[in-house]
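Numbering (my numbering), first residue to last: 72 to 708.
Take a look at the structure set out below.
Listed below in structure tokens is the structure:
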């Protein structure tokens, strides 16, 4: 209050806000006179200092020569189709509005595609069908007479025993979060790892009005490696210009924070973002636009005999404002520990939407050229943090997480476990490994949420009660828990930020990236979570505590069997097996089994149809009864 009064003395506009007796007292205070003198000099000092320390806009588009007009390019190959999007700097009037894609054959460059430049966002989407993915091919993008950009389209790694994917999220550019620290450590580690897939799960852009400029910076940071590796990028809330997003099927949001659902930015802005970040992905499963003409991109990518479902887990989910009673300072933050979690699982709330659930059902049944399945999306299916923003910022539940709505969450997990898929995602600003449960703990899939590249908004996993069924010596934050929505989950590994202030902005804020190693021979999966500024090839380098963590493909459907069907003895190894419950026609699961023998588990007694093989080489066995102990079914394909 003393400082306010002293400021009032120096500012005639506000002096009348204070009683004159207080002002007279403050005038005679020696400390007040010192403050007044100091403040009176600020108008002279600040401009001079500002001239010397002129702020540099981190998103300023650099001046370039016309031979550098192609900033970067990113691509995927799926089902013998190459899709590559070249990202250009702004073109000048009179410059051509088309570009070409060339490949190197016998030492010469051959044109294989030409595409128009889409001026809003300056993207060039190429498509080449009947692509030969059996060999590594050099490519270059050409624009005009001078500009070229070269890279490598990798050979499909179908023969590699180990498939490596590297995941990132949360590319904050704020200096306070470490966003000003160069990404050279990440780029060099990508080169060391030589991954088969790069995955950026969202928030590649942290500017709510200038996606294009921020996307160019993202390309300058990572283009050196993106040009040479298949890359999946999917936009999240900050990419489309809002702090949180509940897509609500494309409606327009009118509330601050967008908690009423929908998109805050104009439709053309959203389309520009999705075009830049997803036009190189395989074709959408169902391209039918949602409200106001906004598109969809959820799709299937098959690469290296790994089948990836790319999910839009924000697009159909409705906002909580007006749908459930407000129980905190924000519509999406529940601070009341006594609320009933069932009360927010209202019928009109959904998560992935019926369209995407149908996609996951079809994807889970289709094992063409696939040994294992993985879901890629923005974030995981639970409330994966207790403390938000700062120490003391405890929430009981966060409606921005995919733990809500619970019915939708359970439908999503049920669809994934039928395919024995695990989940690879980001967004939470907190690295975690969870084993999810629907009816019981550990009856479903594993998830790996990677840490932020630079951590904007801190979160902590700090349950108030110790976890159950922990291994001896394990941290009490691990083990079996429920989140704020009563979802069952088992915490396996967590990389919480450190409590102290100051220090390195990356390590104390638990920044880093995630690596997934898939052994296609053993069907084992290993999660590794690395901090920033380490050399992953250094034997002395250590991942975050709790990693690496390894599990088997079969563990993604951890539900306990009620009964078993007869053992399948198959004359050919590694065949697809599908089990269908006859009383309701529901597919129980579909899996490419390992080896020649498989003992199918079921979760209810009764009769089942068992299908073995695929395509024209398929055998179907109907009326197979559970509990046939000691019996076998010989399958000759």
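Note that the Cβ used here is the ideal one computed from N, Cα and C, for glycine as well.
I need the straight-line Cα distance from residue i to residue j, nearest angstrom please.
i, j, result
"residue 414", "residue 429", "27 Å"
"residue 424", "residue 313", "21 Å"
"residue 466", "residue 633", "38 Å"
"residue 117", "residue 149", "With a pLDDT of 46 at residue 117, under the threshold of 50, the predicted position of this residue should be treated as unreliable, and no value is reported."
"residue 665", "residue 646", "8 Å"
"residue 583", "residue 522", "5 Å"
"residue 283", "residue 192", "6 Å"
"residue 224", "residue 434", "26 Å"
"residue 120", "residue 526", "Its pLDDT being 45, under 50, residue 120 is placed unreliably in this model, and the coordinates cannot settle the point."
"residue 542", "residue 221", "51 Å"
"residue 719", "residue 438", "Past the edges of the chain, shown from 72 to 708, lies residue 719, and the structure says nothing about it."
"residue 704", "residue 686", "20 Å"
"residue 115", "residue 246", "Bear in mind that a pLDDT of 47 at residue 115, under 50, signals an unreliable position, so the number given afterwards is only what the model happens to contain. Each residue's Cα considered, the two are about 27 Å apart."
"residue 684", "residue 362", "41 Å"
"residue 133", "residue 139", "11 Å"
"residue 697", "residue 495", "34 Å"
"residue 463", "residue 336", "32 Å"
"residue 92", "residue 399", "For residue 92, the pLDDT reaches just 31, beneath the cut-off of 50, and the residue's location in the model is therefore unreliable, although a value from the coordinates is still provided. Cα-Cα distance, rounded: 41 Å."
"residue 274", "residue 500", "11 Å"
"residue 450", "residue 271", "11 Å"
"residue 177", "residue 341", "42 Å"
"residue 548", "residue 166", "59 Å"
"residue 368", "residue 146", "15 Å"
"residue 637", "residue 674", "14 Å"
"residue 677", "residue 706", "21 Å"
"residue 228", "residue 375", "4 Å"
"residue 244", "residue 277", "7 Å"
"residue 73", "residue 461", "Its pLDDT being 36, under 50, residue 73 is placed unreliably by the model, and nothing is read from it."
"residue 469", "residue 355", "30 Å"
"residue 442", "residue 493", "13 Å"
Along the alpha helix (DSSP H) that carries residue i, what are the first and last residues, could you check?
i, result
"residue 242", "Element bounds for residue 242: not the alpha helix (DSSP H) but the beta strand (DSSP E), 233-242."
"residue 340", "338-349"
"residue 257", "255-264"
"residue 481", "477-488"
Could you please give me the residues that DSSP links to residue i through a beta bridge?
i, result
"residue 155", "146 and 197"
"residue 602", "583"
"residue 373", "378"
"residue 286", "None, per the DSSP bridge assignment."
"residue 210", "174 and 222"
"residue 551", "539 and 561"
"residue 184", "172"
"residue 443", "377"
"residue 334", "323"
"residue 703", "638"
"residue 501", "Bridge partners of residue 501: none, in fact."
"residue 460", "The partner list for residue 460 (beta bridge, DSSP) is empty, contrary to what the question assumes."
"residue 495", "447 and 519"
"residue 179", "176"
According to the Cβ coordinates, are residue i and residue j closer than 7 Å?
i, j, result
"residue 351", "residue 154", "yes"
"residue 196", "residue 186", "yes"
"residue 254", "residue 292", "yes"
"residue 194", "residue 158", "yes"
"residue 181", "residue 174", "yes"
"residue 568", "residue 580", "yes"
"residue 651", "residue 669", "no"
"residue 366", "residue 142", "no"
"residue 332", "residue 317", "yes"
"residue 380", "residue 446", "yes"
Output the boundary residues of the beta strand (DSSP E) element that contains residue i.
i, result
"residue 628", "Careful: residue 628 lies outside any beta strand (DSSP E) and carries neither H nor E."
"residue 519", "517-520"
"residue 430", "No beta strand (DSSP E) contains residue 430, which is instead part of the alpha helix (DSSP H) from 424-436."
"residue 678", "678-685"
"residue 694", "688-696"
"residue 524", "523-525"
"residue 160", "Note, residue 160: premise wrong, no beta strand (DSSP E); not H, not E."
"residue 663", "657-663"
"residue 623", "620-623"
"residue 647", "647-652"
Exercise. Using 8 Å as the threshold, is the region 504-516 in touch with the region 548-563, meaning 3 or more CB pairs across them?
Worked result: yes
Exercise. For the region 306-326 against the region 381-389, are there 3 or more C-beta pairs whose distance is under 8 Å?
Worked result: yes
For this session: Count the CB pairs spanning the region 532-545 and the region 589-596 that are closer than 8 Å, and state whether there are at least three.
Result: no
Exercise. Is the region 478-495 close to the region 394-414, with three or more CB pairs under 8 Å?
Worked result: no
Problem set entry | Any 3 or more C-beta pairs closer than 8 Å across the region 485-492 and the region 467-477 | no
Exercise. How about the region 391-407 and the region 249-269: do they share at least three Cβ pairs that are nearer than 8 Å?
Worked result: no
Exercise. Counting Cβ pairs closer than 8 Å, one from the region 202-216 and one from the region 234-249, do we hit at least three?
Worked result: Between the region 202-216 and the region 234-249, the count of Cβ pairs shorter than 8 Å is below three; the stretches do not touch.
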